[in-house]
Structures are given as structure tokens and as C-alpha cells.
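Working notes, structure below.
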Amino acid sequence: MREEEQQDVCSLEDAGLTKEYNASMYWGTYRPHLFLGVKTRSANPVVASVMWHKTDALNPLRHEATSSGIKKYGWVRHDGRNFGHEVILDENCGVNLNFTFVKHGHDNQAKGGDWAVRVSASPRATKAKGKGTETTSISLLLHVSSLSSKGRIHSPTIPAKRAAARPLASFTGSNPGTGSFTVAAMEGERREGAAAGEEKAHFFAMKAKSEHAYRADELVEQIYRYSMSKSGGKDSRLTLPDENQDEDKSNSVFLQLTLVPPGYIDIVFLSHALHKLGGEEEVARAAAQLSGPALSQLIAERTAEFDKRFDTVFKLRDATCIPSSSFNLFGKYPGSGACTPAGKLSEGAVELGKVALSQLMGGLSYLHGTWVKADPPFYNTTSQQAPASSFTCSPCRDGFARGFLWDEGFHQLLMTRWEPAGSRDVLLHWLGLMQPDGWIPRENFIGPETRRRIEARWWTQYPEHANPPTLLLALQALHEGGEAPPGFLKCVLPRLKTWLNWFKRTQQAPALHSFKWSGRIKTEGIWHTLSSGLDDYPRANASSAAADRHLDLFCWVALMHKILAQVSSSLGEDSSSLLSTFRTLLSHLEAVHWNNETQSFQDRGYMAYPDQQPQEEFVQHHGYVSLFPLLLQLLNASDPKLLPIIQVMSDRQHLFSKAGLRSLSPKSPEGGEDSMYGTQEDYWRGKVWINLNYLALKALKRYGESREEAAQLYVQLRQAIMENMLGQYTKKGYIFEQYDDKTGEGLKHKPFAGWSSLVLLIMAEMY
0 MREEEQQDVC SLEDAGLTKE YNASMYWGTY RPHLFLGVKT RSANPVVASV MWHKTDALNP
60 LRHEATSSGI KKYGWVRHDG RNFGHEVILD ENCGVNLNFT FVKHGHDNQA KGGDWAVRVS
120 ASPRATKAKG KGTETTSISL LLHVSSLSSK GRIHSPTIPA KRAAARPLAS FTGSNPGTGS
180 FTVAAMEGER REGAAAGEEK AHFFAMKAKS EHAYRADELV EQIYRYSMSK SGGKDSRLTL
240 PDENQDEDKS NSVFLQLTLV PPGYIDIVFL SHALHKLGGE EEVARAAAQL SGPALSQLIA
300 ERTAEFDKRF DTVFKLRDAT CIPSSSFNLF GKYPGSGACT PAGKLSEGAV ELGKVALSQL
360 MGGLSYLHGT WVKADPPFYN TTSQQAPASS FTCSPCRDGF ARGFLWDEGF HQLLMTRWEP
420 AGSRDVLLHW LGLMQPDGWI PRENFIGPET RRRIEARWWT QYPEHANPPT LLLALQALHE
480 GGEAPPGFLK CVLPRLKTWL NWFKRTQQAP ALHSFKWSGR IKTEGIWHTL SSGLDDYPRA
540 NASSAAADRH LDLFCWVALM HKILAQVSSS LGEDSSSLLS TFRTLLSHLE AVHWNNETQS
600 FQDRGYMAYP DQQPQEEFVQ HHGYVSLFPL LLQLLNASDP KLLPIIQVMS DRQHLFSKAG
660 LRSLSPKSPE GGEDSMYGTQ EDYWRGKVWI NLNYLALKAL KRYGESREEA AQLYVQLRQA
720 IMENMLGQYT KKGYIFEQYD DKTGEGLKHK PFAGWSSLVL LIMAEMY
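The numbers in numbering that gives the first Met the number 0 rise by one with no breaks, and the one at position 252 of the sequence shown is 251.
Given below as C-alpha cells:
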């Protein structure tokens, strides 16, 4: 349920978001920084999470999503609304876990319905022994907090002995958003080979502030120490002390269960709006309807529904490609099995597509709270801003589990295909963060939950710093796909025009028809243009506010005019001014940024050389920036400047690599080596990024309709990306942030199913 800050952008009715949609999105796995974190979309939510550790060792205590000591983790099915299945291969704890999240009865419930989580465990071979398997029991910890001044959670009921079809433990709670509820833990059917888990459940309840509840793993460690000290050192077991520190005001509970693999435990959340739960018998009966065999059946149904819908939407089995057996890039990189001998996508490629979608949808995040802004005019002080709400996708659950403005537009290119209503919802939340002057903060450091693992110096948002306006790409996709109702467009258009005017006012370079990214900084000898999204991509090395002219920003501003003109025209509004400015910019693109000597588009700025005074000139690099007029399709198919651009893209000495188009060419446009390639941080200095490769393929698909060289490059580039990403996923189990342009190896953050999830649209040829 969206907060007031966003509601003034658009009413639910105008946005095409029904009450049923809103109710169905109330609960979700909206805490992507955790292995399993569930919460309500509200300012004062109910939050839940699952932790685990070996019964005899606290290190590691698993809670926050990380690949440390984990062979593989991530969602393999997730529809973004009602169902998700996550696989975790925990080497350190010697166990394979499957989390399955299922909602039930939500569509018509203003306070949300029921949900269940199945935690299924199986033993895995331990590194220490190197062979066989070891049945390792684990302590499973469920944490639930009701984060409202009126929220309460009561002490659990724990039977002295386990009984069939009875909860291992249950407790009740309440929250203004959800009403009253009961949570029950149900033991699953014991599988063959599983030892009896006779250890009874334990608990600890307390009154917790929000900032403490969001650090549940730290609280667990403190509670264990308290429990040991309470026993006077006589009991060194890692056991919760069965205590409620404030029975009248407790709002947070930890429930400890023992799970012996192979086996499972079902955690069931029951809304009192759907059930009358007067006693233990009623709780047991209601919980049985969403656990055990009943939950197994529901999981099977939801899995089948996901697979069927996936096939219907993306039609991967109809997509064509070069048989992997006959694909050998540069004569040295054979295919990895993305395509069958019949020229169809393989089952492995289809599975990669499902994982890409699932990890994007499983990365949806809801945040509410204050945020930090630098104060003008000198930005050397900061201030807390009024609470705001954020509903976004996340680039990566480990490290980047929050919204990023320029990432979001790419995320939504995929989400619009699968969940267009949700995509409109995400866009409205971003526009709800817009300040009166048109500025949108580029990172969502909102509330305490998102800040824990990030240094405080990164929290501050600067009112003159932009980010590429990729939200317009998502709006364009919604509009062209018939998923942007007129009421929605009428709501968002004024804000988008305000955003455009903010760009033109704050990012305007002194030279006519030129633009520059504000906020360029030099740290440890490296120029960073974080605002551009292309952090360390080489720009002018003697930055001057009077001389910097950034090609990519010029192209983004031109595209904003084009898309907003299209939207205005579709609504019957006057678009003449937008179109006029767009045409003016196009007419100056060549004059400002085309280097006739090197036959390429380039930045302009002051360049410094040893023993010479800096002088204004073209910034000589072949790379992503030089491709922007093509990437954003600002050139006509008949434009003669297309050919030299496509030739550089096709040349493996320049941009073409086994993993896709590299971000920076090893060769300079002037001849010889590019001295910046692969240097220093080497983030955007050669490595392959899927988001801009997607834009390249989209452009090549269009230009290929009339240009053979574009059509040929399209086929080769698409196949190279598919083969490499599938090969890396098969080998390592992850989708990555970037890929090495020499070896194809996945690099940096993982699982990175933010814009790298666009591999699904690449395979489906959906542009």
C-alpha cells in the first residue's frame, strides 16, 4: 500500500492500479539484503526473517545475503507477487536449503492475507571430509517484529512434547496495518534417513526499536550471551532463554527451532481477518491448510503457473539462434550450449532466463524513512529530510540492495513485460521522491534498514548531481506496449517535464547546446563521474566547468525531449516545443561532438599532457560513450556516420569481445594503445556490461532492417552474450555485475540480476 508521499503523484485509479493489485502487493519478500526477509509495504511494517547456524556453532550465523562460504544462492522462481523459490548451498554449515514463499488469500484483503515459508534442508558433502555426506542439524531462527507504537507480539505457546499435526510453536501479534495475526511453526514430514528432531522450540521476546529490529542477527548474538550468563556458565548451548522481557509491550520475538536434514519446517502466517482463531485447535486446523501436504500441493501449483506464464510471455522456445555446435567466436571460443542443433534455445538457456527474471523480481525492495541531503549552497553540511517511501528493484542483494536511479530504468524494461502494473507502481514511487525543483536523489538510502553495511559518507545525496534518466526508457516501453493508461500518463507527464527542465538548468554547459555532468571528482588520482553512471570511464583529464561537454548526457537530454514529445502527442497535448528542441539538438550533435578525423563521436574538454598547457579538444577514446548516438537511436538509418561506428563495434581489436561489447577499446582512435584501458579501478575501462549491450542490440536490430553490417553484428553479438552468460552461470551458479572482456569470466557483485537480467530480453529478442 503506497504511502502519502507517492499518492499525490497519481491516484490508484488513474495509475491503473486496482485495489486488488494494491492488496496483493501488501506482503512480499521486500528485504532483499537478507537471505529471506518478508515485510509489509507500510511506514510501520511487520517484518520477518529467517536465520540459521549449526546447533553447536554460531559462526557463521546466516542472515544477510552474502556469497561468503556459500557455493550458490538466489531465487530460481519468483513472480514478484505471490510466490518465490530460493536455493542456498551453504558450504560452511554443510547444508543445502530451499526457501519457498507462498501467499494465499491476499487479493481482496486490505490488511493482507496469509503466507507461508517452507524451509527445506538436505545434507551436503563437507569440505573437511571431502566425501560422503554428514547429517548436520541446524538451529533455525524466525524473527518477527511489529514496528508500530501500537504493535504487539506475545509470548509463544510451545508444547512440552511434539505431536503430529500440531505446531512446534505459535504466537500471536498485531499491527495497525495487518490487524491481529498468528504465526505457527509446523514440522514437516520426516524424510527417510532423517534423525528425529526432539529438541523443543525456544523463544525470546522483547520490546525493540526499529533500528534494532533491523539488526536481528546482532540481537541474536546478544541474547545468546545473555542466556549463557544467566545460567552462570553451566549451560554453553546456543539456546534462547524462553523469556519475555516486557510481556505488556513486547513487539519483537525470536523463535528457535531445530531442523534435521533431510526434512523441512513450515512457517505459517495467519491473518485473523481470514480466520477465527480462538484456541490451539483452531490454530492447528488453520495452519494445516497452509503447511504439510496442502502447502506441497500449493507450491506445485504455483511452480507450474510460473513456468506456464513465463513461456507465454517470453516465448523462449520459439526464439532462434546459431547452433552452439557451429558457433565458434574468433575461431577460439566455442559455444557453451545456449542453442540446440536445431537452432533453438536450449533448456539451460531457458532456465537462465527464469533465474534472471526471478532474481530481479525477488530483489524488489520497500523502504520508508528519513534520508540525508547535502545543504546548498556549499554542500558542506547535511540535514535529515522528511520520511519518504521507496519501492524499487535492487541491482544486487549483496551490497546494492537498494534503489539506484539509473539502474531502475533498465530493471523496468524487463519488469514491464512481466508485471506492467508493478512497473507503473515503481515509477510512481521514484517520481514521488522528486523535489519541487525537479531533482530526484540518485540512491535510495531511505530509513535505517538500507544503511547498515554502507559507510555513512555514501548516504548523502547532492541536489546538483544527476543520473541518466533511464526511467524514460521504461515509460517508453510501457507506452509502446499499451500498458500506460492515459490517466497514468497525465499524472506523470508534468513531473517528467519538471525533471527535464531541471536537467537543462543544472547540467547545462557554458557552450551552446552542450551539457556536462555535475559532480565530477578526483579521488586518489582517479577522475570519477559518478553522476553519469559510468564512474571511472575516461573523460577530460583536466576537468574545467567551462570546457567539459559530455556526449552521453547530450544524448540523454535529446532522448528526453523525444520521448516526452511522443507522450504529449498521444495525449493530444502540444508537443511542438519539445519536438523543436529535439530537432535543434540533433542538428548540433555533429557540430559539437563529431570528430571527423577519427570518424567517431566523442566528449570534448581540456586535456593535459606533460610539459604542455591544457587545451580544449576531443577526448580520444572508443567506448560506450562514443556509441551513445547509436545506443539511443538518435541517428537515421541512412546516416553515413553509422558505418564507422558499427565497424568499431564489430572489430575485436576495438570493442567486440567474447562476452559482448567492451566498455573501452584497448586501441586509441588515433592509433596505438589506449593508455586508460584496463587501468586503476578498471570498472568501466574495458569490462563488459549487459545494460549497454542490450541498448546496442536494440539499436542494431532496428538499423539492421536496412543495413547488412548492423544485421550481421546483431546476430554475432547476441549469440556471444548468450553463450558467455550461460557458460558462466553453468560454471559458477551466478549472474554477474560485469564480465571480463578477455576471458568472459563473471566479475564483481553476484548475484547481480539487476540490469544483467536483461539477458532474458536478449534471448527473447524483446526490445
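Backbone N, C-alpha and C define an ideal beta-carbon position, used for all residues, glycine too. If you're wondering where the values come from, they're calculated on a predicted model, not measured in any experiment.
Comparing alpha-carbon positions, which option in the options lies nearest residue i?
i, options, result
"Gly671", "Gly685, Gln679, Thr678 and Gln652", "Gln652"
"Ile453", "Gly187, Asp397, Gly347 and Tyr223", "Asp397"
"Asn692", "Arg494, Leu663 and Glu680", "Leu663"
"Phe390", "Gly291, Ile761 and Ile445", "Ile445"
"Ser286", "Arg117, Pro375, Pro386 and Pro340", "Here the sequence assigns Ala to residue 286, which means Ser is not the residue at that position. Ranking Arg117, Pro375, Pro386 and Pro340 by Cα distance to Ala286 puts Arg117 first."
"Gly347", "Gly277, Leu630, Tyr728 and Glu744", "Tyr728"
"Lys489", "His271, Cys392, Glu572 and Arg706", "Glu572"
"Gly150", "Arg165, Thr171, Val49 and Ala341", "Thr171"
"Asp650", "Leu634, Lys307 and Gln711", "Gln711"
"Ser67", "Arg416, Lys53, Asn594 and Ile87", "Ile87"
"Ser656", "His271, Thr369 and Phe329", "Phe329"
"Ser579", "Ala557, Asn594 and Tyr20", "Ala557"
"Leu696", "Tyr378, Glu300, Lys372 and Arg717", "Arg717"
"Glu279", "Arg165, Trp26 and Gly732", "Arg165"
"Ala510", "Trp370, Ser388, Arg548 and Asn174", "Arg548"
"Lys102", "Tyr25, Glu85, His52 and Glu90", "Tyr25"
Might you give, ordered along the chain, the residues of its own chain that have their beta carbon closer than 8 Å to the beta carbon of residue i, omitting 5 neighbours on each side?
i, result
"His527", "Arg519, Ile520, Lys521, Asp534 and Asp535"
"Val714", "Ile321"
"Gly129", "Below a pLDDT of 50, predicted positions are generally treated as unreliable, and Gly129, at 47, falls in that range; the measurement from the model is reported next regardless. Excluding sequence neighbours, Gly129 sits near nothing in its chain."
"Leu269", "Asp113, Phe180, Thr181, Val182, Ala183, Leu276, Val282, Ala285, Ala286 and Leu289"
Compute the beta-carbon to beta-carbon distance between residue i and residue j, rounded to the nearest angstrom, for a pair I have assumed lies under 8 Å.
i, j, result
"Ala212", "Ser144", "4 Å"
"Leu588", "Ile689", "Going by Cβ atoms, the distance from Leu588 to Ile689 rounds to 26 Å, so no, they are not a contact pair."
"Leu771", "Tyr29", "Outside the shown range of the chain, which is 0 to 766, sits residue 771, and nothing can be said about it."
"His201", "Asp241", "5 Å"
"Thr177", "Val45", "6 Å"
"Trp516", "Leu552", "6 Å"
"Ala539", "Met606", "6 Å"
"Lys206", "Ser147", "Actually they do not touch by this definition, with Cβ atoms about 12 Å apart."
If you drop the 5 nearest sequence neighbours on each side, which residues of the same chain put their C-beta closer than 6 Å to that of residue i?
i, result
"Glu722", "Gly334, Ser335 and Ala337"
"Gly15", "Pro484 and Phe487"
"Glu736", "Lys747, His748 and Phe751"
"Leu96", "Ile87 and Ala120"
"Ser154", "Ala204 and Asn243"
"Lys18", "none"
"Thr156", "Ser169"
"Thr339", "Ser345"
Once you ignore the five residues that flank residue i on each side, which residues in its own chain have a CB closer than 7 Å to its CB?
i, result
"Gly677", "Arg684 and Gly685"
"Met762", "Leu315, Ala318, Leu344, Ala348, Gly352 and Met721"
"Asp669", "The question names Asp, but residue 669 is Glu in the sequence shown. The answer, listed in chain order, is Thr597 and Gln619."
"Leu759", "Phe313, Gly352, Ala355, Leu356 and Leu413"
"Ile645", "Glu708, Ala709 and Leu712"
"Ala410", "Going by the sequence as given, residue 410 is His instead of Ala. Within the same chain, His410 has close Cβ partners Leu359, Cys392, Gly753 and Trp754."
"Arg123", "Leu88, Gly93, Val94, Asn95 and Thr132"
What are the boundary residues of the alpha helix (DSSP H) that residue i is part of?
i, result
"Ala184", "No alpha helix (DSSP H) holds Ala184; the beta strand (DSSP E) holding it covers Gly178 to Glu186."
"Trp501", "Pro485 to Thr505"
"Ser173", "No alpha helix (DSSP H) holds Ser173; the beta strand (DSSP E) holding it covers Pro166 to Asn174."
"His478", "Leu470 to Glu479"
"Val259", "That residue, Val259, is in no alpha helix (DSSP H); it is neither H nor E in DSSP."
"His211", "Ser209 to Ala212"
"Ile645", "Leu641 to Ser649"
"Asp306", "Gly291 to Phe313"
Over the uninterrupted beta strand (DSSP E) stretch that includes residue i, give me the two end residues.
i, result
"Met559", "Counting along the chain, Met559 falls outside any beta strand (DSSP E), though it belongs to the alpha helix (DSSP H) covering Leu550 to Ser569."
"Val45", "Val45 to Lys53"
"Ser33", "Rather than Ser, the amino acid found at residue 33 in this sequence is Leu. Counting along the chain, Leu33 falls outside any beta strand (DSSP E), and DSSP gives it neither H nor E."
"Leu269", "Gly262 to Ser270"
"Met205", "His201 to Met205"
"Ser575", "Here Ser575 belongs to no beta strand (DSSP E); instead the alpha helix (DSSP H) covers Ser575 to His592."
"Glu366", "Checking the sequence, you will find Leu at residue 366 rather than Glu. Unbroken beta strand (DSSP E) run through Leu366: Ser364 to Ala373."
"Ser144", "Ile137 to Ser145"
Next on the checklist: Would you call the segment 405-423 in contact with the segment 55-65, where contact means no fewer than 3 C-beta pairs closer than 8 Å?
Outcome noted: no
Checklist entry - Between the segment 68-78 and the segment 347-354, do at least 3 Cβ pairs fall closer than 8 Å? => result yes
Item to check | the segment 152-165 / the segment 255-263 touching (three or more Cβ pairs under 8 Å) | outcome: no
Checklist entry - With contact counted as at least three CB pairs below 8 Å, one residue from each stretch, are the segment 554-570 and the segment 610-621 in contact? => result no
Checklist entry - Is the number of C-beta pairs between the segment 617-627 and the segment 591-605 that are closer than 8 Å three or more? => result yes
Checklist entry - Within the chosen definition, does the segment 499-516 reach the segment 453-471 through at least 3 CB pairs nearer than 8 Å? => result yes
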